[in-house]
Structure formats: C-alpha cells, structure tokens
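Beneath this line is the structure, given in structure tokens, with notes to follow.
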Amino acid sequence: MIVSKVKSDFNARDLQRLLDKGEGDVDEVTLKGKKYIKTSSKVEGYPLSVIHVVSMDQLINENEAVPSLIIWSFVISLVICVFVAYQFSRFVVKPIKRLQGLMKEVEDDNLGVRFPINGSNEIAQLGHGFNSMLERIEFLIEMVYIAQIKKKESELKALSAKINPHFLYNTLDTIYWVSLMENAPKSAKMVHALSRLFRMILKEDNEAITVEQELEYVQHYLNIQQVRYEDMIDFQLEIQEGVQPLKTIKMILQPLVENAISHGIEERGEGVIKIKLVQNEHDLVVSVEDNGVGADVDRLNKLLKKPNEKCVALKNINDRIQMEDGKGYGLFFQRNHEGGLTVVARQRKKV
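With this note's numbering, letter number 349 in the sequence shown gets 563, and the count goes up by one each step, no holes.
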C-alpha cells in the first residue's frame, strides 16, 4: 500500500521498480536518471511495510535552507543588538557624558550651567540633584559676598566714626589758607578739593545718591589729578541732558577713573580719559574710556569672579550694582577703537 500527500511522479511500473530495488532498510536507488533515498519499515504484527521515497534533490534543497536560516537569524540578531546599544547610548551613556562635561565647566568656575531634565528616570533624578546643588552654591556665594560687603561697609563706618569731621575740615581749611598766603595755588587747589571730597564721603550715609552728586564728587577728584598730572591727562566729560536727577550707586565713577589713570594712561605717559553718562528707556549707562595701553578683557571678566588685590575696587562696584539691580547689570569691559579700555557701568534707571 502506498500513501502520498502530493501527486506522485511515478506510475505503477515505476513504483514497482523502486520497491524491487534495494534490500536494506535504507537504500539509495536510481530511477530515470534521478537518485532517491528509500527507507522501509515493517509494521510489527502485520504483513505490511511502510516505504518512504524522497528524491536526493529535495533533501539537498532542504539542507541548503538551513544555512540561509542561520544567516538571517544572525543578521536579525545583529540589528537588534545595534538598536539596543543605540538606545542605551542615547538614554544612558550620552546623558552621563553630558553631566560629566557640565561638572568640568563647574570646575572652571562656570556656575551658570544646568543639566536638561527629560523624564523621571535615575539620570533625570541625578541631573535634578546636580541643578539643585549649583543653585545652592550660587545662593551661598551670593550670601558670602553680601556678608563681605556689609563687613567692609561696617569697617568704613567705624573708621569714619573715629575721625572727628570738624577737626579734619578745620585742618584742611587751615592748610588751604596757608597755601594761598604762601602763594601756592596748586597746593591750595588740591587741599580744597580734598576737603570737599572728605565732606561728601563723611556726610552721605545713603548708598544711592543722584548723578549730580556723583559728578560733583568726581569733579573734585579730577581737580586733584589735574594738579598732579598737569597737561599729561586730558579729562573730557560728556553728560546727556536729564541724567543729573537720576539715582546712582555711590562712588562708582572715581574708582573707574583712577583705574584708567593707573593702568592705562600712566604706562603710556599721556592720554585722554572720556567720561560719559547717558540714559535710555530702562538703563543709566556710565562709561569711562581711555586711550591707554589697554587690558585683557577676558582676564578682567574673570577677576570679577575671583579678584586679586588689584581688582577689589572693580569687583566691589560690580557686586554693589548687581545687589541693587540684578545679574543683568554691573561692569562690562571692552577694547575701544583707540586701543585703550572702555569700562561700562550699567544700572537700572531710577528717578
């Protein structure tokens, strides 16, 4: 009996020839030029045998499908591994490297960086902690700056309290009149300007004064310097109409002019210092420009964060302005077209 799921390629005679060939359980037979594998198995208890015939070509084709299946399985597995590695790099490795880079910037004193938080996984929680730490550090630094400035102000007030103003004024006035009597007009001019300076310093207790008062103060300082340097320095004032009644932080101009003289003009030998005060819709802009030897702008910006002994005055001005008006205000440095330095003190406009 012969059973087949598909249509047989053999007629009855061919089948008989296949059955007659071979005597073992497994035989290789040839029919019509094609090779076949014939297997036979007797059914126990019955005079029947089950015979299976398959062509050699079919077996070879089936065996060739196995390597293809293995190759495709390897390719699919490789694609899956690459995709998983990419996702791991995207969501784990890259954020960690980004956080590492931000930490290096913090080591270089850049506390303004922040880690972008996306999602709520462990990396996001780590970034949130990093941001909170920076905010806390900035707050503590600001508190330390405020404490230092208040300490300096207290020391200045304590020093002022030890000085008897009337004795100082009377002594300077005496020197002034003696200088006039001895026909020393330059000395008299310097003593008179110094007397006016001390009167303003010891009289004004408020941190904020008018621009007009600040200009009066710096004018006395310029009178002293003009006597000292004679024709070596040309001081030029450019004041926009209407700025005199505006409020300004006390003692901003004098340190900026002194810095321009000491670090710009003196090293060159002579020069011009231009003092400008202008206003716009929101700001009061004070600038001191010199045509001296210039300065490293990047270094000056760094010194505002970590000052040395030569930059305490500039940092003090910058901190006082920012305490009053916010981080967007303060001192800004730039090289001008004459090769010198321009220092801009930007304040919020207050009437």
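Cβ coordinates follow ideal geometry from the N, Cα and C atoms, glycine included.
Outcome for residue i when other beta-carbon atoms lying within 10 angstroms are tallied against a minimum of 16
{"i": "isoleucine 284", "result": "exposed"}
{"i": "alanine 474", "result": "buried"}
{"i": "glycine 576", "result": "Beyond the ends of the chain as shown, which are 215 and 565, falls residue 576; an answer cannot be given."}
{"i": "isoleucine 479", "result": "buried"}
{"i": "serine 409", "result": "buried"}
{"i": "lysine 461", "result": "buried"}
{"i": "valine 358", "result": "exposed"}
{"i": "isoleucine 337", "result": "buried"}
{"i": "tyrosine 300", "result": "exposed"}
{"i": "glutamate 428", "result": "buried"}
{"i": "serine 476", "result": "exposed"}
{"i": "glycine 185", "result": "No answer is possible for residue 185: it lies beyond the span of the chain, which begins at 215 and ends at 565."}
{"i": "isoleucine 216", "result": "The predicted model places isoleucine 216 with a pLDDT of 45, which falls under 50 and marks its position as unreliable; any figure quoted below should be read in that light. It is exposed - the Cβ of isoleucine 216 has fewer than 16 other Cβ atoms within 10 Å."}
{"i": "valine 526", "result": "exposed"}
For residue i, three-class secondary structure by DSSP
{"i": "tyrosine 543", "result": "coil"}
{"i": "histidine 434", "result": "helix"}
{"i": "leucine 316", "result": "helix"}
{"i": "tyrosine 250", "result": "strand"}
{"i": "arginine 410", "result": "helix"}
{"i": "alanine 474", "result": "helix"}
{"i": "arginine 562", "result": "strand"}
{"i": "leucine 517", "result": "helix"}
{"i": "arginine 549", "result": "strand"}
{"i": "serine 269", "result": "strand"}
{"i": "glycine 485", "result": "strand"}
{"i": "glutamine 454", "result": "coil"}
{"i": "lysine 461", "result": "strand"}
Nonlocal neighbours in the same chain, by C-beta distance under 8 Å from residue i, ignoring five residues either side
{"i": "lysine 219", "result": "Low confidence applies to lysine 219: its pLDDT is 44, below 50, so where it sits in the model is not reliable, and the reading given next is rough at best. Counting only Cβ-Cβ distances below 8 Å, and skipping sequence neighbours, we find nothing."}
{"i": "glutamine 440", "result": "Ile447, Phe449"}
{"i": "asparagine 345", "result": "Arg328, Phe329, Ile331"}
{"i": "tyrosine 250", "result": "Leu232, Glu242, Val243, Thr244, Val267, Val268, Ser269, Met270"}
{"i": "asparagine 397", "result": "none"}
{"i": "valine 565", "result": "Pro459, Leu460, Lys461"}
Residues near residue i by beta carbon distance below 6 Å, same chain, minus five either side
{"i": "valine 264", "result": "Ser255"}
{"i": "glutamate 503", "result": "Lys488, Asn550, Thr556"}
C-beta atoms of residue i and residue j nearer than 8 Å
{"i": "isoleucine 438", "j": "alanine 559", "result": "no"}
{"i": "leucine 411", "j": "tyrosine 435", "result": "yes"}
{"i": "proline 469", "j": "leucine 528", "result": "yes"}
{"i": "aspartate 432", "j": "valine 457", "result": "Checking the displayed sequence, the identity of residue 432 turns out to be valine instead of aspartate. Cβ atoms of valine 432 and valine 457: not closer than 8 Å."}
{"i": "valine 511", "j": "arginine 482", "result": "no"}
{"i": "asparagine 532", "j": "leucine 518", "result": "yes"}
{"i": "isoleucine 472", "j": "asparagine 505", "result": "According to the sequence shown, residue 472 is glutamate rather than isoleucine. No, they are not a contact pair."}
{"i": "aspartate 497", "j": "lysine 400", "result": "no"}
{"i": "leucine 325", "j": "leucine 340", "result": "no"}
Cutoff 7 Å; reference residue i; Cβ partners in own chain excluding five residues on either side
{"i": "valine 405", "result": "Leu386, Ile389, Tyr390, Ser393"}
{"i": "isoleucine 463", "result": "Glu421, Ala422, Arg534, Ile535, Glu538, Gln561"}
{"i": "glutamine 454", "result": "Leu491, Val492, Gln493"}
Residue-level contact to chain B via CB, residue i, 8 Å cutoff
{"i": "isoleucine 475", "result": "Of the protein chains in the structure, only one exists, and it is not chain B."}
Decide yes or no for the touch test of the region 288-299 against the region 309-327: beta carbon pairs closer than 8 Å, at least 3 of them.
They do not touch, by the three-pair rule.
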